[in-house]
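S.K.: The following block contains the structure, expressed as structure tokens.
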């Protein structure tokens, strides 16, 4: 077992050392798919624990000796994101389990963050104060992420948590952060980042115009570009789905 802990939460070491044995028996499961997320309460803290699926053989070797696990990346990236002044749930630790010299399983532990809704809840729906939220989302993305050279490679609907504040203001936080790059985000790359939220042309236009405005760029051109990026993204996803479907049918 290999554990890396945020020094602020060193008192949680006993919980972390026993987590692998207790994960399936304790806590409350709030998501179960390819990975599983469970919420635990320990010493007055609400802890969010993400268990990543056991990888295939090649990644068992890679995660053990070459590039580190998704849990390790999540922890390290969260520390860096928060140091930049952007929001993601506060990281506590990552745990990596090894078996017979190979990587086996990993966990990423953070403070559980309550929120009101995600971008998924408003895209495609008649949602209260929707235009204002999308404009603030564009500003958050630029001011907190892109200006700080943070490139979320899985910037999809469910990975942006939103909390209502007073006076029609909103707080944004990013999750599912094991796929990140810390690199210069020029205007075009930043605009392209929004294509992953799978929005309608009208919704993309609201975001594009606000992003162009804060970058002192042409709003019409930004709208055209983002809709074009969105179309290509959707075509790529559909192409991959069809390819996987053909592979399954050929077996």
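Residue numbers (our numbering): 1 to 251.
Virtual Cβ for every residue (Gly too), placed ideally from N, Cα, C.
If we ignore side chains and look at the alpha-carbon of each, how far apart do residue 95 and residue 241 end up?
M.R.: The straight-line gap from Cα to Cα measures roughly 33 Å.
S.K.: Return the chain-ordered list of same chain residues with a C-beta closer than 8 Å to the C-beta of residue 133, the five sequence neighbours on each side being excluded.
M.R.: For residue 133, where only same-chain residues beyond five positions count, the Cβ hits under 8 Å are 122, 127, 162, 170.
S.K.: Could you give the first and the last residue of the continuous beta strand (DSSP E) run that contains residue 138?
M.R.: No beta strand (DSSP E) contains residue 138, which is instead part of the alpha helix (DSSP H) from 130-140.
S.K.: Among 142, 227, 11, 234, which one has its Cα closest to the Cα of residue 213?
M.R.: Closest option to residue 213, Cα to Cα, is 142.
S.K.: Helix, strand or coil for residue 207 per DSSP?
M.R.: It is helical.
S.K.: Secondary structure at residue 69, three-state DSSP: helix, strand or coil?
M.R.: Of the three classes helix, strand and coil, the one that applies to residue 69 here is coil, per DSSP.
S.K.: Are the Cβ atoms of residue 152 and residue 193 separated by less than 9 Å?
M.R.: Yes, Cβ-Cβ distance for residue 152 and residue 193 is below 9 Å.
S.K.: In whole angstroms, what separates the C-alpha of residue 289 from that of residue 195?
M.R.: This structure cannot settle anything about residue 289, because the visible part of the chain is limited to 1 through 251.
S.K.: Spatial neighbours of residue 115 within its chain, please: CB distance less than 8 Å, with the 5 preceding and 5 following residues excluded, ordered by chain position.
M.R.: 161, 162, 163, 173.
S.K.: Could you pull out every unbroken alpha helix (DSSP H) segment of at least 4 residues lying fully inside the segment 173-201, listed in chain order?
M.R.: Entirely contained in the segment 173-201, the alpha helix (DSSP H) runs reaching 4 residues are, in chain order, 187-193.
S.K.: Helix, strand or coil for residue 14? Go by DSSP, reduced to three states.
M.R.: Residue 14: helix per DSSP, three-state reduction.
S.K.: Fully enclosed by the segment 4-55, which beta strand (DSSP E) runs are 3 residues long or longer?
M.R.: 28-32, 36-42, 45-52, all fully within the segment 4-55.
S.K.: Based on the DSSP secondary-structure assignment, which residues constitute the bridge partners of residue 103?
M.R.: The partner list for residue 103 (beta bridge, DSSP) reads 98.
S.K.: To which residues of the same chain is residue 35 closer than 8 Å at the C-beta, ignoring the five residues directly before and after it?
M.R.: 50, 51, 52, 53.
S.K.: Can you give me the Cβ contacts of residue 179 inside the same chain, cut-off strictly under 6 Å, excluding the 5 residues immediately before and after it?
M.R.: 153, 154, listed in sequence order.
S.K.: Buried or exposed, going by whether 16 or more other CB atoms sit within 10 Å of the CB of residue 10?
M.R.: It counts as exposed.
S.K.: Reducing DSSP to helix, strand and coil, say where residue 217 ends up.
M.R.: Note: residue 217 maps to coil in three-state DSSP.
S.K.: In terms of residues, what are the limits of the beta strand (DSSP E) holding residue 122?
M.R.: Unbroken run through residue 122: none, as it is neither H nor E.
S.K.: For residue 210, does the count of other Cβ atoms within 10 angstroms reach 16, so buried, or fall short, so exposed?
M.R.: Flag for residue 210 reads buried.
S.K.: For residue 28, count the other beta carbons within 10 Å of its own beta carbon; 16 or more makes it buried, fewer makes it exposed. Which is it?
M.R.: Its Cβ having fewer than 16 others within 10 Å, residue 28 is exposed.
S.K.: Please go through the same chain and pick out, in chain order, the residues whose beta-carbon is closer than 6 Å to the beta-carbon of residue 73, but skip the five residues on each side of it.
M.R.: 178, listed in sequence order.
S.K.: Return the residue from the list 33, 1, 98 that minimises the CA-CA distance to residue 60.
M.R.: Checked all of 33, 1, 98; the closest Cα to residue 60 is 98.
S.K.: Just reading off the beta strand (DSSP E) that residue 161 is part of, what are its end residues?
M.R.: 160-164 is the extent of the beta strand (DSSP E) around residue 161.
S.K.: Keeping to the same chain, check which residues put their C-beta closer than 7 Å to that of residue 222; ignore five residues upstream and five downstream.
M.R.: Excluding positions up to five away in sequence, the list reads 191, 208, 209, 211, 212.
S.K.: By DSSP, does residue 112 sit in helix, in strand, or in coil?
M.R.: In this structure, residue 112 counts as coil in the three-state DSSP scheme.
S.K.: On a Cα-Cα basis, can you pick out the residue from 25, 8, 4 that is closest to residue 17?
M.R.: Here the closest residue by C-alpha is 4.
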